[in-house]
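Have a look at the structure below, then the notes.
Residue numbers (this note's numbering): 6 to 124.
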């Protein structure tokens, strides 16, 4: 007969012990609390941006190490971002994101352009 984790053993409640253990493991970062999940997601985003700016090709193994994932998860993650995988060499080709620059209209430039137009 299995005991419920919240039942007592030898007349002593295990609830206090479980709470203390959870607090201790959460402090060590071993439990996937909401805060730890947010930190992990932020780390993954920042590391992905670093890989985008630093590499044109990178191995699947190195990508997984940088992103803190296993190789399958890392490959799926970057494929969703448009990267290309070469299964023979186990290399990923980085898809550089296009940089959108905003054109600001300047009244003096517009005036000079209008002056250049034929009447």
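Backbone N, C-alpha and C fix where the C-beta goes; we use that ideal spot for every residue, glycine too.
All values derive from a computational prediction rather than experimental measurement.
Could you tell me the boundaries of the beta strand (DSSP E) in which residue i lies?
i, result
"residue 52", "From DSSP, residue 52 is part of no beta strand (DSSP E) but of the alpha helix (DSSP H) over 39-59."
"residue 115", "Where residue 115 is concerned, there is no enclosing beta strand (DSSP E), although the alpha helix (DSSP H) it sits in stretches over 112-121."
"residue 64", "62-64"
By DSSP, does residue i sit in helix, in strand, or in coil?
i, result
"residue 83", "helix"
"residue 109", "coil"
Any beta carbon of chain C sitting closer than 7 Å to that of residue i?
i, result
"residue 58", "In the displayed structure, chain C is absent; only one protein chain is listed."
Looking at residue j and residue i, is the spacing between their C-beta atoms short of 7 Å?
i, j, result
"residue 65", "residue 95", "yes"
"residue 70", "residue 52", "no"
"residue 60", "residue 90", "no"
"residue 47", "residue 68", "no"
When DSSP builds the beta bridges, which residues end up paired with residue i?
i, result
"residue 98", "62 and 89"
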